[in-house]
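So the sequences go chain by chain: A and B.
First residue of the first sequence? That's 36 in the working numbering, and the numbers climb one at a time after it.
First residue of the second sequence? That's 36 in the working numbering, and the numbers climb one at a time after it.
Let me begin by presenting the structure, written as structure tokens, before commenting on it.
There are 2 protein chains.
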Amino acid sequence: MEAANSHLNGPGGEVLTAGPLEVRLDQRTVLADGRGLVLTVREFHLLAVLASRPERVVSREEIYDLVWGGKMPVHDRSVDVYVSKLRHKLEASIPHWSYIQTHIGFGYCFSPRSLAA
Amino acid sequence: MEAANSHLNGPGGEVLTAGPLEVRLDQRTVLADGRGLVLTVREFHLLAVLASRPERVVSREEIYDLVWGGKMPVHDRSVDVYVSKLRHKLEASIPHWSYIQTHIGFGYCFSPRSLAA
DNA sequence: TCCTGCTGTAAAAGAGTTGTGAACGACGCT
DNA sequence: AGCGTCGTTCACAACTCTTTTACAGCAGGA
Chain A
36 MEAANSHLNG PGGEVLTAGP LEVRLDQRTV LADGRGLVLT VREFHLLAVL
86 ASRPERVVSR EEIYDLVWGG KMPVHDRSVD VYVSKLRHKL EASIPHWSYI
136 QTHIGFGYCF SPRSLAA
Chain B
36 MEAANSHLNG PGGEVLTAGP LEVRLDQRTV LADGRGLVLT VREFHLLAVL
86 ASRPERVVSR EEIYDLVWGG KMPVHDRSVD VYVSKLRHKL EASIPHWSYI
136 QTHIGFGYCF SPRSLAA
């Protein structure tokens with residue numbers, strides 16, 4: 036069972052679905068429980084990178100390369116800061132769901148799960 | 036009959052399997068009975084080193100060199116401590132299986148076996 | 001049996017990592 | 001210019017991981 040579904044939605048229009056979250060790559064929009072979620076460019080890009088690799092642990096370095104481009108400077112915290120921002124927006128729109136897991140010393144993993152009892 | 040299977044799983048994706056244990060080197064994840072097992076960086080590295088040498092007795096010195104890097108300091112107990120931690124996590128996730136055998140005076144050996152009657 | 005050396009492991013100590021609010025500059029808009 | 005937004009950086013608290021230490025239990029040998 037995969038945690039997120041990805042399917043083509045017409046020519047070039049890909050949509051990632053994970054619980055109440057829907058990421059429309061082509062339209063650069065995100066739906067949370069059907070309502071639109073406003074993300075900045077960086078936030079959206081980060082979410083797209085993570086959500087398209089469900090259940091995969093992605094290193095900070097790889098995330099940085101994919102979103103910011105190039106080699107991550109030592110001691111750079113950009114990835115962490117944006118993961119934090121993203122988590123807050125997701126949690127604000129979709130309570131009782133967790134999306135991004137931290138893998139200490141390595142990176143993050145997009146692993147959607149309901150926190151409902 | 037080999038104790039652990041190792042096979043390529045697509046380009047660059049290697050997976051070690053030993054009973055209900057699955058070590059996904061590329062994804063840096065471990066599945067125990069299908070469920071994800073959370074390991075720290077050191078624990079994962081140690082497991083990867085041992086599991087990729089099934090039925091081979093590996094000396095402490097070699098383990099240290101492969102996981103910690105460099106020459107093992109005299110009287111260092113790091114390897115023992117981490118083998119202990121790893122055993123506990125494995126046993127907690129996969130009861131009735133034994134994975135790491137001690138070879139007194141020498142080192143350890145990854146030798147998965149079911150303890151079921 | 002009494003040493004001695006080795007292993008298992010809990011716990012303390014030390015080192016490193018992550019979450020996050022706040023400050024700051026750049027940019028665009030009115 | 002004044003304002004709001006965005007991205008980056010910094011600082012600090014809180015937390016997790018790693019290493020070290022200490023001790024108990026074993027096994028083997030004299």
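Glycine included, each C-beta is placed from N, C-alpha and C at the ideal position.
Since the model is a prediction, treat every value here as computed from it, not as a measurement.
Distance between residue j and residue i (C-alpha atoms, nearest Å)
i: B:S149; j: A:V58; result: 44 angstroms
i: A:T75; j: A:G54; result: 22 angstroms
i: A:H110; j: A:S119; result: 17 angstroms
i: B:S133; j: B:W103; result: 24 angstroms
i: B:C144; j: B:Q62; result: 24 angstroms
i: B:T52; j: B:D68; result: 11 angstroms
i: A:R122; j: A:P130; result: 11 angstroms
i: A:A151; j: A:E126; result: 13 angstroms
i: B:K124; j: B:G71; result: 12 angstroms
i: A:H80; j: B:E90; result: 45 angstroms
i: A:M36; j: B:L56; result: Any reading at A:M36 must be qualified, since the residue scores a pLDDT of 44, below 50, and its modelled position is unreliable; the value itself is stated next. Rounded to the nearest angstrom, the two C-alpha atoms are 18 angstroms apart.
i: B:V73; j: B:L101; result: 21 angstroms
i: A:P46; j: B:G105; result: Confidence at A:P46 is low in this model, with a pLDDT of 48, below 50, so its placement is unreliable and no value can be given for it.
i: B:H138; j: A:H138; result: 32 angstroms
i: B:R112; j: A:R112; result: 34 angstroms
Sheet register partners of residue i (DSSP bridge)
i: B:R70; result: B:A67
i: B:R148; result: B:S133
i: B:G140; result: Answer is none; B:G140 lacks a bridge partner.
Supposed close pair residue i, residue j - CB separation, criterion 8 angstroms
i: A:V116; j: A:I98; result: Wrong, their Cβ atoms sit about 12 angstroms apart, outside the cutoff.
i: B:L85; j: B:V65; result: In fact, because the Cβ distance is near 12 angstroms, the residues do not count as touching under 8 angstroms.
i: A:E78; j: A:L60; result: 14 angstroms between Cβ atoms; not a contact.
i: B:W107; j: B:R95; result: Going by the sequence as given, residue 107 of chain B is Met instead of Trp. About 6 angstroms; that satisfies the 8 angstroms criterion.
i: B:Q136; j: B:S146; result: 5 angstroms
i: B:G142; j: B:V93; result: 5 angstroms
Quiz item: If you scan the region 83 to 138 of chain B from start to end, which runs of the alpha helix (DSSP H) of 4 or more residues do you find wholly inside it?
Solution: 95 to 102 and 113 to 128
Quiz item: Given a limit of 7 angstroms on CB to CB distance, which residues of the region 84 to 99 of chain A reach chain B?
Solution: R91 and V92
Exercise. Determine which residues of the region 109 to 124 of chain B have a Cβ less than 7 angstroms from any Cβ of chain A, and write them out in chain order.
Key: none
Quiz item: Which of the residues in the region 62 to 80 of chain B, read from start to end, lie with their CB under 9 angstroms from any CB of chain A?
Solution: Q62, R63, T64, G71, V73, T75, V76, R77 and F79
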